[in-house]
Structure formats: structure tokens, C-alpha cells
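Working notes for the structure below.
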Amino acid sequence: MLQNLLEPAVLCFALGVLAGILGSNIRLPEALYETLSIYLLLAIGLKGGVDLAKTGIVEAGPAVIAAALSGAALPLLAYPVLRMGRLDKPNAAALAAHYGSVSAVTFAVCLTFLDREGVPYESYVAVLLAFMEIPALAVGIMLARRGSGRKSGYAEAAREILLGKGVYFLIVGLIVGYVAGPVRAESLEPVFFTPFKGVLALFLLEMGLVASRRLRDIVRLGPFLLAFGTMWPLFSGALGALLGLVLGLSVGGAAVLATLAASASYIAAPAAMRLAVPEANPSIYLTTALGVTFPFNIIWGIPVYLWMARTIQGLIG
């Protein structure tokens with residue numbers, strides 16, 4: 006875990022948090038922040054599409070199905086737990102959707118960590134992102150609307166799920182990378198592949214600044230949501246690791262699926278929930294996902310999920 010703290014991208018996040026705590030008013034221009042997030046989504050999608058073209062859709066099929074089922078199942082599992090914590094239906098549903106949906110940046114940090122540790126993983130893992138994101142958001146909306154009597158807003162929510170930047174640019178990258186294939190995609194390498202880690206570090210510096218501004222809100226969350234933001238990822242991460250290994254993924258691939266299952270969205274999910282569940286409180290789901298779970302995962306969680314995958318692999322042979 007200490008080695009993960011020394012990863013340049015993670016260090017940038019930590020120093021961004023420190024700058025915010027010390028009262029610094031620095032931040033990236035909003036337009037640059039948006040550009041970096043779009044770049045990361047496109048780059049992850051492109052790499053996944055190119056690797057999928059090398060591997061073939063048939064080989065990736067079981068993992069893709071598992072990702073879609075995980076994205077749908079995790080909100081259903083999280084919702085009753087959140088209701089037991091006395092969250093009302095809209096807030097419980099919105100938060101459950103965030104924890105079924107995924108964080109592309111956490112995913113990118115996970116791949117960087119595995120590469121540094123020399124742990125191999127399946128080349129098509131980026132494909133799993135979109136197939137977890139869409140079902141999770143759809144189930145979250147269903148949970149929020151169930152029994153509420155509200156019928157409006159589904160079209161707007163569906164449009165935000167599919168055309169919001171958190172999903173759309175990822176899908177665009179996947180399609181372009183797959184259709185272009187490894188040979189044609191070589192021309193994109195100087196722009197989207199080589200600078201990726203540097204852009205990720207810059208983005209995480211800004212994310213540290215953003216997270217630091219949520220520190221006061223974290224205190225207001227109360228012990229239940231603070232515990233949920235750290236304990237639930239460990240539970241869902243273990244489920245992801247087990248599912249990945251049962252389906253025949255490598256230890257590295259299972260660690261990636263565990264990380265995805267343990268992550269919480271702060272790009273696609275907030276936009277979709279604002280439209281579909283306007284009565285839910287953004288300070289609850291944004292602070293829990295971004296202020297608690299995101300730093301927990303990139304600093305401590307990812308090494309734990311790799312350990313889980315290795316341990317479960319040892320147990321099941």
C-alpha cells in the first residue's frame with residue numbers, strides 16, 4: 006500500500022487534497038477539467054477497443070455478461086443496506102446507483118498499479134466499464150421511481166445515461182478502437198496512449214482539490230455513510246474478484262473487476278440522478294462517492310482488491 010502512495014498519479018491526488026486543506030485557491034480552469042475527463046474516457050475506450058479487436062468479442066463475452074449483471078445487481082444489494090441506514094427512498098436509490106456505476110479514473114489508476122506490479126490482466130478489461138455503468142444507472146432510476154407514482158423524466162434520464170459524457174465518450178472510443186484495429190490505431194498512439202499517465206496525474210491533482218472541498222460535508226455525513234463509503238467497496242470488491250475468478254479471468258483481470266465493482270461513479274451517475282431523481286440530495290451521493298470512496302480506493306483499496314483476487318484464487322485453486 007505504501008508503494009501505491011508513491012505512484013505519481015496518487016501523489017498528485019494527495020498533494021491536491023493537501024493544497025485544499027491548506028486553503029489554496031488554485032484549480033484547473035473548468036474547460037480544461039472537462040477536456041481532461043473527456044480525454045481520459047476516450048483514451049480508455051480506444052485502448053479497450055483496440056485490445057478487443059486483437060482478442061475477439063467471443064473471448065470477452067463471459068466477462069462482459071458478468072460486468073452487466075454486476076452493474077445491475079450491485080445497486081439492488083446496496084439499496085436495502087442504505088434503507089436500513091434510514092436514508093429515504095430517493096437518496097438510497099441515487100446512492101445505490103453510484104455504487105453500481107463505475108469510476109473510470111479509479112479503473113485507470115488500477116491498471117497503472119497492476120502494470121507497475123507486473124501483474125498481467127486481460128486486454129479487453131476496458132470494455133467492462135460501459136457494460137457496468139448503463140445497467141447500474143437504469144436500476145437506480147427504477148428503484149427511485151418504484152412506488153413513487155412518477156412517470157416523467159425517463160426519456161431525459163435515458164438520454165443522459167447514453168449520451169452523457171461518462172458513457173458516450175467511452176463508447177465512442179471503444180467503437181473507434183475496435184473498428185480501426187491495432188494497425189490503424191497506431192497513428193493515435195502519440196496523442197491518446199503515450200501521454201495517458203501524465204494526463205491522469207494532472208486530472209488527479211484537480212480531483213484532490215475537489216475532494217478537499219468536500220471535507221466539511223464528510224463530517225456531516227454521519228457515521229453510517231462514512232462506514233458505508235469504506236466498508237461497502239470491500240464487500241462489493243470481494244464479490245467482483247470472486248465472480249471474475251469463477252468466470253476464468255486471471256488474477257489481474259479479477260482485480261480489475263473487483264476494483265470496478267468497488268468503485269463509485271462521480272461523472273455519469275450524478276448527471277443521470279440529477280435528471281431522474283431530482284429530490285435526492287447531491288451532497289449525500291457526491292460526498293460519499295467522491296469524498297470518501299474515491300480516495301479510499303486509489304490510496305488503499307486497489308492493493309487490497311489485488312490481495313483479495315490472489316487470496317480467493319488460492320482458496321478455489
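Take the sequence shown: its position 211, counting from 1, is numbered 216 in the numbering used here, and each next residue is one higher. Beta carbons are placed, not taken as given, at the ideal position from N, Cα and C, and that holds for glycine.
Cβ pair residue i, residue j closer than 8 angstroms
{"i": "Leu252", "j": "Pro125", "result": "no"}
{"i": "Phe208", "j": "Leu41", "result": "yes"}
{"i": "Ala77", "j": "Pro13", "result": "no"}
{"i": "Leu142", "j": "Ala24", "result": "no"}
{"i": "Val55", "j": "Gly213", "result": "no"}
{"i": "Val179", "j": "Ala135", "result": "The identity of residue 179 in the sequence shown is Leu, whereas the question assumes Val. Yes."}
{"i": "Leu92", "j": "Leu100", "result": "yes"}
{"i": "Thr293", "j": "Leu230", "result": "yes"}
{"i": "Pro195", "j": "Ala58", "result": "no"}
{"i": "Pro95", "j": "Ala19", "result": "no"}
{"i": "Val132", "j": "Ser268", "result": "no"}
{"i": "Gly171", "j": "Ser241", "result": "no"}
{"i": "Phe198", "j": "Ala65", "result": "no"}
{"i": "Leu295", "j": "Ala232", "result": "no"}
{"i": "Ala102", "j": "Ala243", "result": "no"}
{"i": "Glu127", "j": "Leu247", "result": "no"}
{"i": "Val130", "j": "Val261", "result": "yes"}
Residue closest to residue i, alpha-carbon to alpha-carbon, out of the options
{"i": "Ala263", "options": "Thr235, Leu311, Glu64, Tyr271", "result": "Leu311"}
{"i": "Gly182", "options": "Arg315, Gly61, Gly21", "result": "Gly61"}
{"i": "Leu74", "options": "Pro300, Met137, Pro238", "result": "Met137"}
{"i": "Gly234", "options": "Ala48, Tyr290, Ile146", "result": "Tyr290"}
{"i": "Cys17", "options": "Pro287, Gly319, Ala206, Ile43", "result": "Ala206"}
{"i": "Glu211", "options": "Val15, Gly28, Leu27, Leu33", "result": "Leu33"}
{"i": "Phe174", "options": "Cys115, Val86, Glu64, Gly53", "result": "Gly53"}
{"i": "Ile223", "options": "Gly319, Pro85, Leu119, Pro287", "result": "Pro287"}
{"i": "Ile70", "options": "Arg225, Ala185, Arg221, Gly245", "result": "Gly245"}
{"i": "Val204", "options": "Val110, Ala98, Arg88, Pro308", "result": "Val110"}
{"i": "Glu284", "options": "Pro85, Gly28, Ala97, Leu27", "result": "Ala97"}
{"i": "Glu35", "options": "Ile43, Ser29, Glu122", "result": "Ile43"}
{"i": "Leu280", "options": "Ser29, Ala190, Ser192, Arg164", "result": "Arg164"}
{"i": "Asn30", "options": "Met236, Arg218, Leu320", "result": "Arg218"}
{"i": "Leu45", "options": "Arg151, Met89, Ile272, Phe301", "result": "Ile272"}
Collapsed DSSP secondary structure at residue i in the structure displayed
{"i": "Asn30", "result": "coil"}
{"i": "Asp93", "result": "coil"}
{"i": "Gly306", "result": "helix"}
{"i": "Tyr290", "result": "helix"}
{"i": "Glu211", "result": "helix"}
{"i": "Gly154", "result": "Model confidence at Gly154 stands at a pLDDT of 49, short of 50, so the residue's coordinates are unreliable and nothing is read from them."}
{"i": "Arg88", "result": "helix"}
{"i": "Leu252", "result": "coil"}
{"i": "Ser338", "result": "Because residue 338 is not part of the residues shown, which for the chain are 6 to 322, the question remains open."}
{"i": "Ala19", "result": "helix"}
{"i": "Gly227", "result": "coil"}
{"i": "Tyr104", "result": "helix"}
Cβ separation of residue i and residue j, assumed to be a contact under 8 angstroms, to the nearest whole Å
{"i": "Ala314", "j": "Ala259", "result": "4 angstroms"}
{"i": "Gly50", "j": "Gly105", "result": "Rounded, the Cβ-Cβ distance is 20 angstroms, inconsistent with contact."}
{"i": "Pro228", "j": "Gly306", "result": "About 20 angstroms separates the two Cβ atoms, so there is no contact after all."}
{"i": "Val15", "j": "Val114", "result": "7 angstroms"}
{"i": "Ile317", "j": "Leu250", "result": "6 angstroms"}
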